[in-house]
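Working notes, structure below.
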Amino acid sequence: MNAAKKIRRFIEEGHDPQQMQVLKELATALEMGRSFDLSLLYDIDMRYFDVAIDLLKDWRFDHHIASRSKLLEQLLTEIAPDRQAKAQEAPTVKPAASKAAKLKK
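Just so it is clear: in the sequence shown, position 77 is 138 by this note's numbering, and no numbers are missing.
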């Protein structure tokens with residue numbers, strides 16, 4: 062189960078509000094691109110700290126995937142015009158069916 066699901070489950074189950082507030086603030090900061098006071102993590106129990114670390118790992122992984130996707134998109138955009146130009150330069154080949162029709166005549 063990913064960290065976001067764990068946090069949602071903790072909220073639904075009514076876990077310790079002070080502990081949960083730190084996790085909520087961390088999740089919000091990561092999602093909104095805001096700063097977060099890391100010293101808050103020092104004050105939470107290990108169980109919640111582990112979820113916070115998992116949340117950071119998930120966030121980093123998601124950003125890594127997103128940046129890879131953006132790179133791939135950029136590369137495809139650059140490659141596509143090159144491939145179109147090469148396709149226009151290549152001589153067109155007539156289908157084999159039309160050659161067979163000419164031989165029958």
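Think of the CB as a built atom: it goes at the ideal place given N, C-alpha and C, for glycine as much as any other residue. This one's a predicted model, so the numbers in the text were calculated from it and none came from an experiment.
Would DSSP call residue i helix, strand or coil?
i: Ser-100; result: helix
At a threshold of 7 Å, does residue i count as lining the ligand FMN (C-beta to nearest heavy atom)?
i: Leu-84; result: In terms of ligand content, the structure shown is empty, and the ligand FMN therefore cannot be addressed.
Can you list, in chain order, the residues of its chain whose CB lies under 8 Å from that of residue i, leaving out five sequence neighbours each side?
i: Arg-95; result: Thr-89
Apart from the five residues on each side of it in sequence, which residues of its chain come closer than 7 Å, Cβ to Cβ, to residue i?
i: Ile-72; result: Met-81
i: Trp-120; result: Leu-91
i: Val-112; result: Ala-64, Lys-67, Ile-68, Leu-84
i: Phe-122; result: none
Is it buried or exposed for residue i, if we count other Cβ within 10 angstroms and need 16 for buried?
i: Ile-68; result: buried
i: Tyr-109; result: buried
Tell me which same chain residues have a C-beta within less than 6 Å of the C-beta of residue i, skipping the five on either side of it?
i: Lys-118; result: none
Unbroken stretches of the alpha helix (DSSP H), 4 residues or longer, contained in the segment 73-119: 78-93, 100-103
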